[in-house]
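Reviewing the structure listed below.
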Amino acid sequence: MRFVKDIFAKFGGNGVIAEITGEKYPTVSSWLVRCSIPPKHWAALVAAAPAHGVTLTTDTMIAIAANRDEEKLLRAREADARKEIQAEPAQ
240 MRFVKDIFAK FGGNGVIAEI TGEKYPTVSS WLVRCSIPPK HWAALVAAAP AHGVTLTTDT
300 MIAIAANRDE EKLLRAREAD ARKEIQAEPA Q
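Throughout the sequence shown, residue numbering follows my numbering, covering 240 to 330 in sequence.
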């Protein structure tokens, strides 16, 4: 796992992350948009990981946090690509 979006995917989405962390769905959704999970929730995710078939450690969380800028850049490029596809005239 390299990015926050990978954590969400491995656990099964926003609802599962919200349940594990005790946060509301919109709050958790904002983490995905920001590409950042607050460190105060890392321990809960690491502890819940085995029950969800996920391998996750605090070191992995630290590495993912360090990749935030890279993930944000990648997401911006993906958004730009979607805009270009939508802007292409139909043939």
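Backbone N, C-alpha and C fix where the C-beta goes; we use that ideal spot for every residue, glycine too.
For this session: Let me know the alpha helix (DSSP H) ranges lying completely inside the segment 273-316, each 4 residues or longer, listed in chain order.
Result: 281-287, 297-305
Problem set entry | Euclidean distance between Cα positions of A287 and P278 | Residue mapping note: residue 287 aligns to position 48 of the sequence shown, counting from 1. Residue mapping note: residue 278 aligns to position 39 of the sequence shown, counting from 1. Distance between the alpha carbons of A287 and P278: 15 Å.
For this session: Return the first residue and the last residue of the alpha helix (DSSP H) that G252 is part of.
Result: Residue numbering aside, residue 252 sits at position 13 when the sequence shown is read from its first letter. Where G252 is concerned, there is no enclosing alpha helix (DSSP H), given that its DSSP letter is neither H nor E.
Exercise. Looking at the structure shown, is K263 part of a helix, part of a strand, or coil, going by DSSP?
Worked result: Your numbering for residue 263 matches position 24 in the sequence shown. Three-state DSSP puts K263 in coil, outside helix and strand.
Exercise. Is it right to say V272 is buried, meaning 16 or more other beta carbons lie within 10 angstroms of its own, or is it exposed?
Worked result: Residue 272 sits at position 33 when you count from the first residue of the sequence shown. With fewer than 16 Cβ atoms within 10 Å of its Cβ, V272 is classed as exposed.
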